[in-house]
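Using the UniProt record's numbering, the letters of the sequence shown map in sequence onto residues 1 to 302.
The beta-carbon is built from N, C-alpha and C at its ideal position, and this holds for glycine as well.
Quick notes on the structure that follows.
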Amino acid sequence: MDRLDELAIFVAIIDAGSLAEAARRLRRSRPAVTRALAGLEERVGARLIARTTRQLTPTEAGQELAVAARRMLADYEESLGGVAAAPVRGLLRVTAPLAFGRRHVTPLVAEFLDLHPELQVELVLADRNLDLIEEDLHVALRVGALPNSRLVVRKVGEVRRVLVASPAYLQRRPAPKRLADIAGHDVIANVGAGGDLIWRFGGGGRSSRIAITPRLIINEVEAVLIAARAGRGLARLLSYQAADDLAAGVLVRLLPEFEPPPSPVQLVVPSGQRLAPKVRAFIDFAASRLLHLSVIRPEPGR
1 MDRLDELAIF
11 VAIIDAGSLA
21 EAARRLRRSR
31 PAVTRALAGL
41 EERVGARLIA
51 RTTRQLTPTE
61 AGQELAVAAR
71 RMLADYEESL
81 GGVAAAPVRG
91 LLRVTAPLAF
101 GRRHVTPLVA
111 EFLDLHPELQ
121 VELVLADRNL
131 DLIEEDLHVA
141 LRVGALPNSR
151 LVVRKVGEVR
161 RVLVASPAYL
171 QRRPAPKRLA
181 DIAGHDVIAN
191 VGAGGDLIWR
201 FGGGGRSSRI
211 AITPRLIINE
221 VEAVLIAARA
231 GRGLARLLSY
241 QAADDLAAGV
251 LVRLLPEFEP
261 PPSPVQLVVP
271 SGQRLAPKVR
281 AFIDFAASRL
291 LHLSVIRPEP
301 GR
């Protein structure tokens, strides 16, 4: 087995916390992962991972080797980037949230395909976070904090959760001045992508929870926008979802001083794997475009 590959497996075992999970992420058999660890420990002449019935924990020698291994793997990847680029070909599978993917990732993918005629891309748009290993996906664009800290991340922007209403609605009902005023308004609730009937706000260094009683409940963002434009009530959306309507004056942003902290927009790949040329090329290209996308750029002074 390639010695660098052996180190990559060792790091993956530490990150995963189990041999079975490391094997799943690496798309290897568990016996192959076990043999790699045993071979590495034999060469080092020390136990690298303490095994119990419940978990795997790196020993002191293992911790020292992990630090060196991560540095070597990073240097290796950096060195590859300095030589002539390998051809970008084959199938690349990318996932993104539905609305963001439709509006911003699809054009980006089309441009990337124009640059690489030997490449095929499958774009999977879904508002739930798909498991990259189980779904055999190479890259994901994720909006919001990541529960899985073992993903390799590149931040490309951020979004805020904004409260909006149409000018027509606000002519009939005075705009809320305080969070408590929301109770006196018609509300459109989005319960599709992890939404619920509690709206969380920030402001003044404190967080607040407002229970809502919606007149209209919708499970899809575009339909929420249609209802908000039609003056059916207050709606709460991610800033990129409402950006075009806010810029055109079709919707009005309300109570911005009570918005919670922004959420990151990130490109992620599974850890413990060497990036194929097609994956590295796409991440670099996508990041270069998304970092200049106005709808996810941090707001000055916020």
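The Cβ atoms of Ala36 and Arg25 lie no closer than 7 angstroms to each other. In the three-state DSSP reduction, Val250 falls in the coil class, being neither helix nor strand.
For Glu42, no beta strand (DSSP E) run applies; the uninterrupted alpha helix (DSSP H) run containing it begins and ends at Arg30 to Val44, by DSSP. Between the C-alpha atoms of Ala22 and Phe285 there is a straight-line separation of about 28 angstroms. The continuous stretches of beta strand (DSSP E) do not include Lys177, and DSSP gives it neither H nor E. With fewer than 16 other Cβ atoms from the protein chains shown falling within 10 Å of its own Cβ, Glu118 counts as exposed. Non-local C-beta neighbours of Ser166 in its own chain, meaning closer than 8 angstroms and more than five positions away in sequence, comprise Ala228, Arg229, Ala230, Gly231, Val250, Leu251 and Val252, ordered along the chain.
When the beta-carbon positions are compared, Gly101 and Leu125 come within less than 7 angstroms of each other.
Counting the other Cβ atoms within 10 Å of the Cβ of Leu115 gives fewer than 16, which makes it exposed. Pairwise C-beta distances place the segment 122-139 out of contact with the segment 233-251, as fewer than three of them are shorter than 8 angstroms. Separation of the CB atoms of Glu222 and Ala99 is rounded to 7 angstroms, and the pair is thereby assigned contact status at 8 angstroms. Listed in chain order, the non-local C-beta contacts of Arg161 below 7 angstroms within the same chain comprise Arg236, Leu238, Glu259 and Pro260, local neighbours out to five positions each way being set aside. Taking 4 residues as the minimum length, the alpha helix (DSSP H) runs contained wholly in the segment 92-157 are 106-115, in order along the chain. Here Pro270 is buried: its Cβ has 16 or more other Cβ atoms, across all protein chains shown, within 10 Å.
DSSP places Arg24 in the helix class (H, G or I) of the three-state scheme. Secondary structure at Gly90: strand, using DSSP grouped into helix, strand and coil. If you draw a straight line from the Cα of Leu291 to the Cα of Thr106, it comes to about 16 angstroms. In this structure, Val94 places its C-beta atom within 7 angstroms of the C-beta atom of Val139. Of the residues assessed, Ile188 falls on the buried side of the cut-off, its CB having 16 or more other CB atoms within 10 angstroms.
Here Ser18 carries a coil assignment [DSSP, helix/strand/coil]. If you ignore the 5 residues before and after Ile49, its C-beta comes within less than 6 angstroms of the C-beta of Leu56, Pro58 and Gly62, all in its own chain and listed in chain order. Between Glu158 and Val265, the C-beta spacing is below 7 angstroms. Counting only residues of its own chain and dropping the five nearest sequence neighbours on each side, Arg289 has a CB closer than 8 angstroms to the CB of Leu108 and Glu111. When DSSP reads this structure, Pro58 sits in a beta bridge with Ile49.
Approximately 7 angstroms separates the beta-carbon atoms of Ile296 and Val156; this is inside 8 angstroms, confirming the contact.
Taken through DSSP and simplified to helix, strand or coil, Ser239 comes out as helix. Checking the DSSP bridge columns, you'll see Ile217 partnered with Ala189.
DSSP places Ala211 in the uninterrupted beta strand (DSSP E) bounded by Ser208 to Ala211. Ranked by Cα distance from Pro262, the options Glu41, Asp244 and Tyr240 are led by Tyr240. Only residues of its own chain outside the window of five on either side were considered, and among them Gly231 have a CB closer than 6 angstroms to the CB of Ala168, listed in chain order.
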